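A.B. asks: Residue numbers (my numbering), protein chains in the order written: chain A, 83 to 358; chain B, 6 to 473.
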Amino acid sequence: MDTRNVAIIASQELRISLRSRWVQIFAVVFAVLTLAISYFGMVTSIVVGFEGFTRTTASLLNLVLYLVPMLALAAATSSFCPEQGAAELLFSQPVSRGEVLFGKILGLYASLAIAVLFGFGISGFIVASQSGAEGVSRYLGFLGVTFILLLSFLCLGALAAVGSASRIKALGIALALWFLFVLFYDLMMIGLVGLLDPHSARAAVLLGLFGNPVDLARVAGLLMLGGATIFGAAGAALVRTFGSTGLAATILCLLNLCWSVAFVTVASRVLARREI
Amino acid sequence: MGPAMMNGSSLARKMRRRVTYLAFGCCLAFALPASGRTIAVSPAGPVRSIAQALRSAADGDVIEVHAGLYNEDVVLDRSVQLVGAGNVVIRGTGRGSVVTVAADGCTLRGFVIEHSGSSLMNEDAGILLKSRKNRIVGNHLKDVLFGIYLLQSDGNYIADNTIHGRPQLDYGDRGNGIHIWNSRYNTVERNTVYETRDGIYVEHAYHSVIRSNRVHDLRYGLHYMYSDDNDFEGNIFYNNVAGAAIMYSSRIRFRRNQFLHNRGFASYGILFQADDHCLAEENVIADNAVGIFMEALNESTLRNNLVAANDLALQVFTSSAGNIFEKNNFIDNLSPLELEGSQSNNRWNGSLAGNYWSQYEGFDLDGDGIGDVPYHIENVFEHLEAQLPLLRLYLLSPAAQSLVLAERGFPVLETPQETDNLPLMKPVTMDWQPQDPAARPPRRSLAFTLSAMLVVLSLAAFRWGVHS
Chain A
83 MDTRNVAIIA
93 SQELRISLRS
103 RWVQIFAVVF
113 AVLTLAISYF
123 GMVTSIVVGF
133 EGFTRTTASL
143 LNLVLYLVPM
153 LALAAATSSF
163 CPEQGAAELL
173 FSQPVSRGEV
183 LFGKILGLYA
193 SLAIAVLFGF
203 GISGFIVASQ
213 SGAEGVSRYL
223 GFLGVTFILL
233 LSFLCLGALA
243 AVGSASRIKA
253 LGIALALWFL
263 FVLFYDLMMI
273 GLVGLLDPHS
283 ARAAVLLGLF
293 GNPVDLARVA
303 GLLMLGGATI
313 FGAAGAALVR
323 TFGSTGLAAT
333 ILCLLNLCWS
343 VAFVTVASRV
353 LARREI
Chain B
6 MGPAMMNGSS
16 LARKMRRRVT
26 YLAFGCCLAF
36 ALPASGRTIA
46 VSPAGPVRSI
56 AQALRSAADG
66 DVIEVHAGLY
76 NEDVVLDRSV
86 QLVGAGNVVI
96 RGTGRGSVVT
106 VAADGCTLRG
116 FVIEHSGSSL
126 MNEDAGILLK
136 SRKNRIVGNH
146 LKDVLFGIYL
156 LQSDGNYIAD
166 NTIHGRPQLD
176 YGDRGNGIHI
186 WNSRYNTVER
196 NTVYETRDGI
206 YVEHAYHSVI
216 RSNRVHDLRY
226 GLHYMYSDDN
236 DFEGNIFYNN
246 VAGAAIMYSS
256 RIRFRRNQFL
266 HNRGFASYGI
276 LFQADDHCLA
286 EENVIADNAV
296 GIFMEALNES
306 TLRNNLVAAN
316 DLALQVFTSS
326 AGNIFEKNNF
336 IDNLSPLELE
346 GSQSNNRWNG
356 SLAGNYWSQY
366 EGFDLDGDGI
376 GDVPYHIENV
386 FEHLEAQLPL
396 LRLYLLSPAA
406 QSLVLAERGF
416 PVLETPQETD
426 NLPLMKPVTM
436 DWQPQDPAAR
446 PPRRSLAFTL
456 SAMLVVLSLA
466 AFRWGVHS
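#1: Taking the straight line between their C-alpha atoms, what separation do you get for leucine 222 of chain A and arginine 216 of chain B?
#2: Arginine 202 of chain B lies in the beta strand (DSSP E); which residues open and close that run?
#3: Can you grab the Cα-Cα spacing for the pair isoleucine 290 of chain B / leucine 227 of chain B, in whole Å?
#4: Should the region 165-183 of chain A be regarded as contacting the region 228-235 of chain A, the criterion being three or more beta carbon pairs within less than 8 Å?
#5: Taking the alpha carbon of tryptophan 353 of chain B as the point to measure from, which residue in B:Arg308, B:Ser363 and B:Gly346 has its own alpha carbon closest?
#6: Using a beta-carbon distance below 8 Å, is serine 349 of chain B in contact with chain A?
#7: Work out the CA separation of leucine 81 of chain B and phenylalanine 330 of chain B for me, nearest whole Å.
#8: Between serine 255 of chain B and alanine 107 of chain B, what straight-line distance do the alpha-carbon atoms span, to the nearest angstrom?
#9: Across the region 75-89 of chain B and the region 111-121 of chain B, are there enough close Cβ pairs to call them in contact, namely three or more that are closer than 8 Å?
#10: Between leucine 265 of chain A and chain B, is the shortest Cβ-Cβ distance under 8 Å, so that the two count as touching?
#11: Report the three-state DSSP secondary structure of isoleucine 208 of chain A (helix, strand or coil).
#12: Which same chain residues end up closer than 6 Å to asparagine 235 of chain B when comparing Cβ atoms and leaving out the 5 residues on each side of it in sequence?
#13: For the beta strand (DSSP E) containing aspartate 236 of chain B, list its first residue and its last residue.
#14: Output yes if chain B places a C-beta closer than 8 Å to the C-beta of tyrosine 191 of chain A; else output no.
#15: Could one say the Cβ of valine 471 of chain B lies closer than 8 Å to chain A's Cβ atoms, at least one of them?
#16: Would you identify the three-state DSSP class for aspartate 280 of chain B, choosing helix, strand or coil?
#17: Can you find a C-beta in chain B that's less than 8 Å from the C-beta of asparagine 87 of chain A?
#18: Just to check my reading of the structure: glycine 327 of chain B and asparagine 350 of chain B have Cβ atoms closer than 8 Å, yes? What is that Cβ distance to the nearest angstrom?
#19: Considering only residues of the same chain and omitting the five flanking positions on each side of methionine 152 of chain A, which have a CB-CB separation below 7 Å?
#20: Specify the secondary structure class of valine 433 of chain B as computed by DSSP and reduced to three states.
#21: Among A:Ala315, A:Gly239 and A:Gly245, whose alpha-carbon lies nearest the alpha-carbon of leucine 257 of chain A?
#22: Under 9 Å, CB to CB, which of the residues in the region 138-172 of chain A have a partner in chain B?
#23: Within 8 Å of any Cβ in chain A, is that where the Cβ of alanine 210 of chain B sits?
#24: Using a Cβ-Cβ cut-off of 8 Å, state whether arginine 434 of chain A counts as contacting chain B.
#25: In chain A, which residues lie less than 9 Å from phenylalanine 453 of chain B when you measure between Cβ atoms?
#26: Taking phenylalanine 200 of chain A as the query, report the chain B residues whose CB atoms sit under 8 Å from its CB, ordered along the chain.
#27: Against chain A, which members of the region 391-405 of chain B pass a CB distance test of less than 8 Å?
#28: Around the Cβ of methionine 10 of chain B, are there at least 16 other Cβ atoms within 10 angstroms (buried) or fewer (exposed)?
#29: So for proline 341 of chain B, helix, strand or coil by DSSP?
#30: Beta-carbon separation of aspartate 280 of chain B and leucine 311 of chain B under 8 Å?
#31: Taking only beta-carbon atoms, is leucine 100 of chain A less than 8 Å away from chain B?
#32: Within 8 Å (strictly less), CB to CB, does arginine 231 of chain A reach chain B?
#33: With distances taken between CB atoms, is the gap from phenylalanine 386 of chain B to glycine 376 of chain B smaller than 8 Å?
#34: Under the rule that 16 or more other beta-carbon atoms within 10 Å means buried, what is tyrosine 176 of chain B, buried or exposed?
#35: Strictly under 8 Å for the Cβ-Cβ distance: is methionine 271 of chain A near chain B by that measure?
#36: Within 8 Å of any Cβ in chain A, is that where the Cβ of alanine 130 of chain B sits?
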């Protein structure tokens with residue numbers, strides 16, 4: 083694989099993506115939402131007057147958990163299944179399919195990361211007006227978790243897109259994946275835990291966590307923002323399993339990166355075998 | 006021969022001394038009937054040790070100790086005022102207590118007291134009180150096992166002392182900062198206690214008032230055991246395992262205390278165990294793992310408290326019954342209630358008003374300030390979680406939230422109906438302004454710069470990306 087080719091495709095993808103109205107609109111909407119959440123959070127926290135893990139942080143986390151996977155999946159499908167002819171033109175160039183895949187993912191990732199960065203920066207002004215130095219580092223940690231979640235869903239979106247025959251099919255699959263990972267997976271786990279006996283339920287919950295990038299991001303984010311005590315007895319189990327809170331968050335982030343690697347690997351296999 | 010002579014001469018000396026004392030005593034009786042003499046102690050002499058001064062002192066005397074280091078254990082066996090002038094350090098022998106007060110009505114003021122013994126069984130303390138009506142004021146205790154130990158000691162006034170324990174020991178091996186055992190009518194105020202076992206420990210003690218103390222970085226800030234009819238007010242407890250642990254006690258009344266930043270795995274703002282007829286008013290319970298824990302708390306009233314920013318606001322065992330919650334503010338707690346058991350017998354609203362819950366999503370059409378829809382405090386996810394603690398790993402997950410929404414629309418699961426029938430639409434205003442002692446000043450400039458950098462960076466990257 084030629085890194086120069088990857089860089090060329092990545093910069094082209096970045097350009098296309100940043101010029102697209104969808105990414106621009108997303109950046110503005112994301113910024114407005116984070117701004118609104120942190121503003122209203124600030125208003126209530128002035129009433130209370132105590133800093134802590136508050137609903138502001140919880141709402142920000144929720145926004146990220148809902149929006150970021152959706153954005154990444156949508157961007158990946160629309161990029162990997164472009165209008166008739168564009169893909170054929172690109173794949174007919176003297177670059178390998180792997181280079182196209184990596185380049186596109188890198189370019190997309192850079193453009194979406196810029197949008198997320200913009201939103202975090204804008205609402206950072208409001209968060210800044212009420213938090214201490216500790217809050218700043220937690221905010222940056224949260225930003226990191228968001229970036230990791232973005233990557234894993236971008237890779238998942240790429241896999242869905244290269245594996246499906248048409249643009250419509252790819253969008254449908256992306257939507258289904260979003261429902262699966264954001265909603266159904268956890269609902270199934272919660273249901274499953276109710277059915278199992280306590281001992282195997284314990285293992286199921288801990289292992290089940292690793293099967294979903296959204297869960298990995300959520301738990302890592304909560305560990306960074308609120309510490310392990312936020313999970314009560316379950317948090318104690320996490321710390322006992324991993325050694326410490328920081329280590330637990332790091333391992334969860336690494337596992338999330340593993341998911342990205344897995345998705346990309348499968349996607350490149352699928353792409354290599356595919357008729358274009 | 007020799008011994009006889011010595012006996013003779015010592016007898017004569019004793020006689021002489023007695024005559025002197027008698028004369029002196031007569032003088033005193035006429036000249037200074039109330040206030041007694043003042044005896045000065047100084048490293049420069051003539052009286053070089055406190056013990057020496059005490060031997061010559063009578064009830065009502067003042068012993069003024071001048072700056073310096075005194076290596077001795079002191080036993081106040083007569084009713085005197087022991088006053089430190091300047092930086093006076095009493096360094097104990099390291100066996101037993103440094104200062105023992107055995108006579109009634111003593112005053113101990115203005116000393117640095119350090120290096121007590123290390124026996125928990127012998128109650129080795131910085132200051133050990135075994136008598137009544139003493140005043141212990143403005144002392145600084147450090148490197149002591151127990152700080153101030155009240156052993157069957159009534160009517161004392163303990164104020165403005167600072168007590169620092171032995172942080173190198175485990176909690177179980179340390180003593181308590183102020184330990185009150187089998188004593189009545191004591192007043193403890195404006196003391197600072199840190200890094201001991203419990204800050205203020207009260208066992209079999211009645212009618213005490215504990216006011217405006219600051220207690221931090223230890224196990225339980227304030228710990229009552231089998232102690233009825235006590236009050237505490239205006240204290241600040243933070244960074245402890247529990248702010249206050251109230252156990253096996255009746256009629257504990259407390260107001261305007263702050264229970265903050267108790268953040269361990271089993272950490273509580275206030276822990277109630279087997280108490281009754283308690284009254285909590287206008288306290289602040291914020292940023293704890295669990296705000297209020299209650300097991301077998303009965304017939305108590307919690308009113309006008311602020312419970313905010315806790316991971317879990319209330320952990321209630323169904324052994325608690327007959328309690329009433331009214332006009333409290335429950336704000337920004339991650340979970341408002343976890344009920345251990347199926348149904349509790351507590352009242353979540355008074356006859357006129359309930360509480361303010363920031364999670365409440367009802368409406369108020371008639372505009373009387375009370376929501377028209379009752380508030381079910383524990384939602385279905387919190388209910389499941391109480392039974393299977395590991396489920397809390399799904400805290401704040403979209404799935405958990407949709408479950409709660411769905412259950413609200415179509416209730417199929419049998420969840421306990423802990424209900425506030427008169428939920429308030431607006432927070433209750435507090436008449437006092439709590440101050441968070443552990444709050445660090447915000448680093449606004451740093452955070453602002455960083456935010457500006459993020460925005461500029463994203464805009465620059467955007468421009469570069471679009472035009473490259």
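Glycine is no exception: its CB is placed at the ideal position from the N, C-alpha and C atoms. Only a predicted model underlies this, so the values are computations on that prediction, with no experimental measurement involved.
C.D. replies: Let me spell this out:
#1: 41 Å
#2: Looking at the DSSP string, arginine 202 of chain B is not in any beta strand (DSSP E), and its letter there is neither H nor E.
#3: 14 Å
#4: no
#5: B:Arg308
#6: no
#7: 48 Å
#8: 31 Å
#9: yes
#10: yes
#11: helix
#12: Ser213 and Ile257
#13: 235-238
#14: no
#15: yes
#16: strand
#17: no
#18: 6 Å
#19: Trp260
#20: coil
#21: A:Gly239
#22: Thr138, Ala140, Leu143, Asn144, Leu147 and Tyr148
#23: no
#24: Because chain A is modelled from 83 through 358, residue 434 of chain A falls outside the range shown and cannot be assessed.
#25: Gly206, Phe207, Ala210 and Ser211
#26: Leu459, Val460, Ser463, Leu464 and Phe467
#27: Leu393, Pro394, Leu395, Leu396, Arg397, Leu398, Tyr399, Leu400, Leu401, Ser402, Pro403, Ala404 and Ala405
#28: For methionine 10 of chain B, the predicted model reports a pLDDT of 43, less than 50, meaning its position is unreliable and no value from the coordinates is stated.
#29: strand
#30: no
#31: yes
#32: The residue asked about is misnamed: residue 231 of chain A is leucine in this sequence, not arginine. Chain B contact via Cβ: absent.
#33: no
#34: exposed
#35: yes
#36: no
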